[in-house]
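What follows is a short report on a single structure.
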Amino acid sequence: MKTTMDIVSLQLLILVLSVLCLLICSLEFDPVDNYLINCGSSENTTIGDRVFLADNLNTTQRVFVDTTLESIPSTYSSVLYQTARVLNETSEFAFSIKKQGRHWIRLYFYPFSDEIFNLSSAKFSVSAQNITLLKNFQPLSVPSVKEYTLNITSTSLVLKFTPFSSSFAFVNALEILSLPDELFPVGAGTHNLREQALETVVRVNMGNVAVLPQNDTSWRFWEPDGRYLTSRNLVQFVSRTQAVNYTRQGPSRNIAPPLVYGTATRLLSDSDPNTLANVTWSFDVDPGFDYFIRLHFCDIVSGHSDPNRVGGEHDILFNVFINSLLVSRNLDLKNKTSNVLGSPYYMDVVTKLENIHSIGITVGPTDVGVVYPEGLLNGLEIMKISNVKGSLDASDAEIQSSVPTSKKTRTWLILGSAIGGSIICIVLIVVSILFCRSRIRAAVDDSTDENHTAVGAKEASIISKSNMGYQFPLVAVQEATNNFSESMVIGFGGFGKVYKGVLKDNTKVAVKRGFHQSQQGLSEFKTEVEMLSQFRHRHLVSLIGYCNEKNEMIIIYEYMDNGTLKDHLYGSDLPNLNWTQRLEICIGSAKGLHYLHTGSQKAIIHRDVKSSNILLDENLRAKVSDFGLSKIGPEIDQTHVSTAVKGSFGYLDPEYLTRQQLTEKSDVYSFGVVMFEVLCGRPVIDPSLPKESVNLVECVMKCLSTGESEAIIDPRIAGEITPESWMKFVETAEKCLAEYGADRPTMGEVLWNLEYALKLQGKDEKTTQENEISDNQLDNSVLSTEYSMGSMADLAGVSMSKVFCQMVKSENKESCDIC
């Protein structure tokens, strides 16, 4: 009897589950208006669960063409591209609309050739609802889909194809579908989207996984994000579709399918909980339009943390930027989704582009003290918004007014400009004279000050120090970087992106552009400009100038042709460095750090010494860079500076990490780690290796203690190193890595030992680096004599105001001599 009851209960359970499945399936979106036309085809075409009808559209002409190609590479079915309707004159297609509101319009194009027509020669325009969709359009030689959404408020929709003079139009297939009401808002920000059309620029699924139209309720295609990432080695792709939890309060599958919310691209910070890197995607767009951007988020990583992560569970907290503009600070997904794990969330943003040809989307760490830096994105949609002309075509972009003026108007404009220019010149001359006099008085006052220091007081503002550096106008920086073109990006970090630039005199520079509205970035910006504007050394990267205009935080450095030391050791295809070159680079870096520690009344502690912050010029001369985290050393009567721990995981001084007590010996420890990187040619933390080898320092120390020293040497240089040189180098690195700072050598002692290791390698003469610079490259009259440490060959301290004055004069021959 009990068995029978169990069977009945099981049957009821199966019945209930079946009913639930039917109810869930019934929630799938079923568009009221659903026109699917396979243009140029005389029969219906079934694709998945959709049927594209034969072309029975009513027009004055009926010209069908087809191709013999059977396989056409396309995300959508290739069958839709095998036929086309050709239009030799202006033609209109009318569709009855049952449900007013937003509709998809998808137009399919593939310019094949048949016996009569070569569709690649077509040139035409397309409009709908008085909105210009395409203007003088010539389709690419590959299959493509143009996707638009219009708000239709009438009972019909008319698509109009207009061939260019002496040409024709064509279309392979088209779709017109009503959308779910929830898919697009009436307004976004200050924009009322009710009257405007949208064109899909890009729709991307993070996690580097494509989502095909048949897996989306609105038959949208989501392409993988891998090709848009600016640096794939900084991310990890996550896929946990089973973790997605749609709730009644949150977005439904109509906003984005589980395959979107169930995959993500995430900042790879497992190996470095102090990383300052961000995850950035870059997309080409047409300037002169507003853009609707939807960012999709879903926390599918909480509860699935990597067991190797220190600290276990942690909050998912990060910042979101669009073209360096902060759009969400400290985004907390748990808070946004009422602590429902795996619940989707999306954010809509409208941005306008004037002369910028790309949109950069960035997620990255906040300045809140969480255990691990985070950055997460699941999906992204970028859509162009129609302008006041009712157009979506790039030729109608509103970048600058180009309205012609009459001859009389132009005459008055020229005359007014001449008069205004004359007045401005007179004012500038007066201001320049007053400025010169104030500079001379300041110089006299400074000469009486006996307490010169390398770094000004903390409370001194960045503007008060502008006389120590050359302040570039923003327009000059934009010109040098081609308007901050993504093609000019050569690196990026927590502060912002770094661009390659070329000044008017063809000088190559590196331009670091900080993120907007970042208090941490502002602090680093001030610190770095203050530091670099007041000292100069052959083995420190040189400050060329800065820009602090229109909320921009930009620092301009000398350009280093050979990139970072890290890139030459591992992770890139740059040429290998031999042992002698590696020694010389270590020596140059040590000289730069030694200068920081001893070149002024108070030591300067770099606080972020690592191989990626050691740059190499065209002669492989090493220069220490990135002073955004630098701190002034302790007072004479103090042994350390108490400060929050900052730096890079794997390089951090354990004494500083546990006690938060910073000294020059913290830099010495980090430099010891760099020395082991140089010797072994591998990352400081490498999660791909066995557990006992993940940490470089631990691995090397273990091998040295067990006598397996040969196992740690980079195989590319193993046969070059003399035993004596190797022994001195390793002995020095071990001392640098002593547990307590008091047991570590000074940078001066490290420098001496490295030079001795080079001598033991069999190279007694001056290093290549020192022979490559001729002292007559600098005007001897501007050499500083304030610093007595080291030789004049090592010191490249110069009067920065004099150098910058020469730059100004090269750009403006008539500027006054303020130096």
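According to mature numbering (1 follows the signal peptide of the UniProt record, and there is no 0), the stretch in the sequence shown is residues -26 to -1, 1 to 793, in order.
Note that beta-carbon positions come from the ideal geometry of N, C-alpha and C, so glycine has one too.
C-alpha distance - residue i paired with residue j, whole-angstrom precision
i      : j      : result
Glu694 : Phe650 : 16 Å
Thr33  : Gln210 : 52 Å
Lys500 : Phe292 : 24 Å
Ala450 : Asn480 : 13 Å
Val583 : Leu567 : 9 Å
Leu114 : Tyr84  : 7 Å
Ser48  : Ser118 : 8 Å
Asp341 : Asp306 : 13 Å
Cys677 : Ile686 : 7 Å
Gln223 : Pro231 : 16 Å
Ser461 : Asp367 : 24 Å
Val294 : Ser141 : 46 Å
Ala238 : Val598 : 36 Å
Thr221 : Leu157 : 16 Å
Tyr531 : Asp7   : 59 Å
Leu514 : Met527 : 21 Å
Arg80  : Tyr320 : 24 Å
Met763 : Ser574 : Unreliable positioning characterises Met763 in this predicted model, as indicated by a pLDDT of 33, which lies under 50. The coordinate reading is nonetheless provided below. Those two C-alpha atoms are separated by around 9 Å.
Thr254 : Gly200 : 11 Å
Leu557 : Glu729 : 8 Å
Ala692 : Leu548 : 19 Å
Lys524 : Glu504 : 20 Å
Glu592 : Gly537 : 9 Å
Pro347 : Ala147 : 47 Å
Val647 : Ser317 : 42 Å
Asn228 : Pro154 : 7 Å
Ser459 : Lys486 : 13 Å
Val185 : Val463 : 30 Å
Ser52  : Arg303 : 44 Å
Val724 : Ala712 : 13 Å
Integer-rounded CB distance, given that residue j should sit under 8 Å from residue i
i      : j      : result
Lys310 : Val175 : Rounded, the Cβ-Cβ distance is 26 Å, inconsistent with contact.
Phe263 : Ala371 : 6 Å
Ala577 : Gly607 : 3 Å
Thr127 : Gln170 : Contact doesn't hold; Cβ gap of about 13 Å is too wide.
Three-state secondary structure assigned by DSSP to residue i
i      : result
His77  : strand
Met534 : coil
Glu498 : helix
His542 : helix
Thr42  : coil
Ser205 : coil
Cys272 : coil
Pro339 : coil
Leu677 : Sequence check: residue 677 is Cys here, not Leu. Of the three classes helix, strand and coil, the one that applies to Cys677 here is helix, per DSSP.
Ala577 : coil
Met180 : coil
Gln216 : helix
Leu517 : strand
Leu148 : strand
Gly715 : helix
Pro47  : coil
Thr106 : strand
Phe67  : strand
Ile229 : coil
Gly236 : coil
Ile559 : helix
Leu354 : strand
Leu61  : strand
Asn727 : helix
Pro5   : coil
Met462 : helix
Gln188 : helix
Pro697 : helix
Ile290 : coil
Residue i: CB within 8 Å of a non-hydrogen atom of the ligand GDP
i      : result
Thr215 : As for the ligand GDP, it is missing from this structure, which has no ligand bound.
4 or more residues per run - each alpha helix (DSSP H) lying fully within the segment 580 to 656
Taken in chain order, the complete alpha helix (DSSP H) segments of 4 residues or longer contained in the segment 580 to 656 are 628 to 633, 638 to 654.
Count Cβ pairs between the segment 208 to 226 and the segment 267 to 278 that sit closer than 8 Å; are there 3 or more?
With a cut-off of 8 Å, the segment 267 to 278 and the segment 208 to 226 count as touching, because enough Cβ pairs lie within range.
Whether or not the segment 622 to 642 and the segment 689 to 706 are in contact is what I'm after, with contact meaning three or more pairs of Cβ atoms, one per stretch, closer than 8 Å; do they touch?
No: fewer than three Cβ pairs fall under 8 Å.
So, does the segment 84 to 93 touch the segment 7 to 26, judging by three or more C-beta pairs under 8 Å?
Cβ pair count under 8 Å is below three, so no.
With a cut-off of 8 Å, do at least 3 Cβ pairs link the segment 37 to 45 to the segment 56 to 71?
Contact between the segment 37 to 45 and the segment 56 to 71 is present, because at least three Cβ pairs lie under 8 Å.
May I ask you to verify whether the segment 695 to 702 touches the segment 663 to 673, counting CB pairs closer than 8 Å and requiring at least 3?
Taking a contact to require three or more Cβ pairs closer than 8 Å, the segment 695 to 702 and the segment 663 to 673 do not qualify as touching.
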